[in-house]
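First up is the structure itself, then whatever we jot down about it.
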Amino acid sequence: PVHPLVGKTAGSAALHEEAARYLPGGVTANIKYFDPYPIAMDSASGARMKDVDGNEYIDYNLCYGALILGHGDPRVKRAVLEQLNRMGTTVLGTPHRLEVDMARTLVELYPGIDTVRFTNSGLEATLLAIRLAMAWTGRPKLAKFEGHYHGGYDQVLISVHPKRRSENRLPSVHPDSRGIPDYYLKNTVVLPFNDLDGTEEILRRHGHELAAVIIEPVQGGFIPPKMEFLKGLREMTRACGALLIFDEVKTGFRVGLSGAQGRYGVIPDLTALGKVLGGGFPVGAVGGRREIMDICAPSARSSDILSIGSQGKESRASDTLFHSGTYNGHPTVLAAGMATIEALRRPGVYAEVEKAAEALRAGMEEILKRNGVPGQTVGVGSIFNLVLDEGPINQIQDILRSELSLRRRIDYALLDQGIYVKPLNRFSLSTAHTPDVIEETLDRFERGVKQTVKGR
Ligand code: PMP
Numbered sequence: 007p008v009h010p011l012v013g014k015t016a017g018s019a020a021l022h023e024e025a026a027r028y029l030p031g032g033v034t035a036n037i038k039y040f041d042p043y044p045i046a047m048d049s050a051s052g053a054r055m056k057d058v059d060g061n062e063y064i065d066y067n068l069c070y071g072a073l074i075l076g077h078g079d080p081r082v083k084r085a086v087l088e089q090l091n092r093m094g095t096t097v098l099g100t101p102h103r104l105e106v107d108m109a110r111t112l113v114e115l116y117p118g119i120d121t122v123r124f125t126n127s128g129l130e131a132t133l134l135a136i137r138l139a140m141a142w143t144g145r146p147k148l149a150k151f152e153g154h155y156h157g158g159y160d161q162v163l164i165s166v167h168p169k170r171r172s173e174n175r176l177p178s179v180h181p182d183s184r185g186i187p188d189y190y191l192k193n194t195v196v197l198p199f200n201d202l203d204g205t206e207e208i209l210r211r212h213g214h215e216l217a218a219v220i221i222e223p224v225q226g227g228f229i230p231p232k233m234e235f236l237k238g239l240r241e242m243t244r245a246c247g248a249l250l251i252f253d254e255v256k257t258g259f260r261v262g263l264s265g266a267q268g269r270y271g272v273i274p275d276l277t278a279l280g281k282v283l284g285g286g287f288p289v290g291a292v293g294g295r296r297e298i299m300d301i302c303a304p305s306a307r308s309s310d311i312l313s314i315g316s317q318g319k320e321s322r323a324s325d326t327l328f329h330s331g332t333y334n335g336h337p338t339v340l341a342a343g344m345a346t347i348e349a350l351r352r353p354g355v356y357a358e359v360e361k362a363a364e365a366l367r368a369g370m371e372e373i374l375k376r377n378g379v380p381g382q383t384v385g386v387g388s389i390f391n392l393v394l395d396e397g398p399i400n401q402i403q404d405i406l407r408s409e410l411s412l413r414r415r416i417d418y419a420l421l422d423q424g425i426y427v428k429p430l431n432r433f434s435l436s437t438a439h440t441p442d443v444i445e446e447t448l449d450r451f452e453r454g455v456k457q458t459v460k461g462r
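Once you know that position 328 of the sequence shown is 334 in the UniProt record's numbering, the rest is easy, because the numbers rise by one and skip nothing.
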């Protein structure tokens, strides 16, 4: 597709050309690329970003949903600066007060969390959750859902972007990247989201060898779970002895202060958090049942993995589950996260953002109808997606059946009109997306849709 921005984004084009000399593909993450070159931003405030050419956009990507308070929230910035000044350094590399306070906050808010470990990303959080499940059960396999993303590593980079399949078939195992060892393909079971019968059929076959079932309780942050499906999955995993891991990296602090487990009342054994928790800084966390989490508690003899070999036969580091990280529990990051959670705890905050999302979704659907584009918005709380299909949307296969090429053309027109979305990606809202911003967005959206329809 021709980038409608070519001409007014010369600075992005030039930066991309320079970037490609030093960074493969000119990007630091594959998902940041789109044709013919991604738009490079320069600054942001509230709901808006400015690119390197000075074009202004209303941001609906919000760093992939992380910035629920919008860009540069003054409370978060102040907390970070105060923390740096009070502490006198950037990081301590020792236990400190703030990690205890943040852990207690998560334990209080998340019904499935008794104790917590911090990581530096959502990826590391799901990785640790899966290792905990493997250690706890002693079982070799993991089940995940088709279309669900848990980070870009071997164990879970499987069937995230599946091929279309006919409705009566069950999902298959496909690597989403080169370089995924066969071992992981053989030890991964792929399940159909929101399909209780299909899931039951597969679990009946594989349940006994599964360490865990990992799931995004809201797929991609926008496809809601059917209640009977989520409850049924909880019962089935319990029955077959596999742990249930909720990947709440997107839903945590997004669909409510207590995440999807709070919203739907289904409690997992382990929970992974990230994104919003870091208030715009890199973070992740794993929490869960105390007895499971306790297997990563260091014992005196195993606390120093570097001294393996100098210890006696009976004291081996592998007696415990190893989890570490130079920057785990980073105080500057946790200060941003604490300030974010504090802001989210004010009464009515979630209701307000969700009302803005509802108004935007209703307006967008109205505009689609007015312009003869069949489609709908699908979402939960403050995140939704635009799906150009009018049938029920329950899982990734329904998205694959929708009009993706038209959607992509609309997304480019939206960029042209000053609405920032990653093509084909979700829309995330923040507390900075006030009613006047929504109104302005709808004007721009209508112009973008008209521009697309006219060009058809
Ligand atoms: N799980 C889910 C549900 C996610 O949405 C993401 C990030 N998009 C991750 C895990 C990985 O998190 P990170 O990018 O922080 O490693």
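Yeah, the Cβ is synthetic: ideal placement off N, Cα and C, and Gly gets one too.
Query	Result
Contact test: residue 4 Cβ vs ligand 1 heavy atom, cutoff 7 Å	In the structure as shown, the chain begins at 7 and stops at 462. Residue 4 is therefore absent and cannot be evaluated.
Start and end residues, alpha helix (DSSP H) containing LYS83	80 to 93
Distance CB(SER178)-CB(VAL195) smaller than 8 Å	no
Neighbourhood of ALA149 by C-beta distance below 8 Å, restricted to the same chain and skipping five residues each side	THR194, VAL195, VAL196, LEU197, ILE208, LEU209, HIS212, LEU216, ALA218, VAL219, ILE220 and ALA248
Inter-residue Cα distance where the pair is SER18 and GLU409	28 Å
Distance, ALA345 Cα to ARG352 Cα	11 Å
Sub-8 Å separation of GLU254 and THR277 beta-carbons	yes
Residue burial classification, LEU29 (beta-carbon count within 10 angstroms, cutoff 16)	exposed
Where ILE37 falls, given that 16 or more other Cβ within 10 Å makes a residue buried	exposed
Cβ-heavy atom distance, GLY293 to ligand 1, below 7 Å	no
As assigned by DSSP and simplified to three states, the class of PHE124	strand
Chain-order list of residues whose beta-carbon lies under 6 Å from that of LEU104 (same chain, five-residue window excluded)	PRO337 and LEU340
Identity of the residues DSSP links to ASP57 by a beta bridge	MET47
Closer than 7 Å: VAL261 CB and nearest ligand 1 heavy atom	no
ARG367 and ILE74 closer than 8 Å at C-beta	no
Alpha carbon of PRO10 to alpha carbon of ASP422, nearest angstrom	6 Å
GLU320 burial status per 10 Å Cβ neighbour count (16 or more: buried)	Any reading at GLU320 must be qualified, since the residue scores a pLDDT of 49, below 50, and its modelled position is unreliable; the value itself is stated next. It counts as exposed.
Distance CB(ILE425)-CB(THR440) smaller than 8 Å	no
Assigned exposure category for THR383 - 16 Cβ within 10 Å defines buried	buried
Runs of beta strand (DSSP E) wholly within the stretch 369 to 435 (minimum 3 residues, chain order)	382 to 386 and 389 to 393
SER127 beta carbon near ligand 1 (any heavy atom closer than 7 Å)	yes
Neighbourhood of ALA438 by C-beta, 6 Å cutoff - its chain only, sequence neighbours within 5 removed	GLY52, ALA53 and GLY76
heavy atom of ligand 2 below 7 Å from VAL255 C-beta	Annotation note on ligand 2: not contained in the displayed structure, which lists ligand 1 as its ligands.
Check: GLY290 C-beta below 7 Å from any heavy atom of ligand 1	yes
Reference LEU191; option with closest CA among SER165, LEU374, LYS460 and SER388	SER165
Given VAL292 as reference, the closest of LEU283, LEU163, LEU279 and GLY286 once Cα atoms are compared	LEU279
Near ligand 1: HIS156 beta-carbon under 7 Å from a heavy atom	yes
Span of the beta strand (DSSP E) around GLU62	62 to 65
Cut-off 6 Å between Cβ atoms - residues of its own chain near GLU151, not counting five sequence neighbours on either side	Looking at the sequence shown, residue 151 is not Glu but Phe. Within the same chain, PHE151 has close Cβ partners LEU197, PHE199 and ILE221.
Spatial distance of LEU412 from VAL359 (CA atoms)	28 Å
Among ILE119, LEU133 and ALA349, nearest to ALA85 - alpha-carbon criterion	ALA349
Ligand 1 heavy atom lying under 7 Å from the CB of THR132	yes
Contacts around ASP201, its chain only, beta-carbon distance under 8 Å, and the 5 residues preceding and following it disregarded	PHE235, ASN400 and GLN401
Same chain only: Cβ atoms within 6 Å of THR458, ignoring 5 sequence neighbours per side	ARG415, ILE416 and ALA419
Environment of SER264 [buried if 16+ CB atoms lie within 10 Å]	buried
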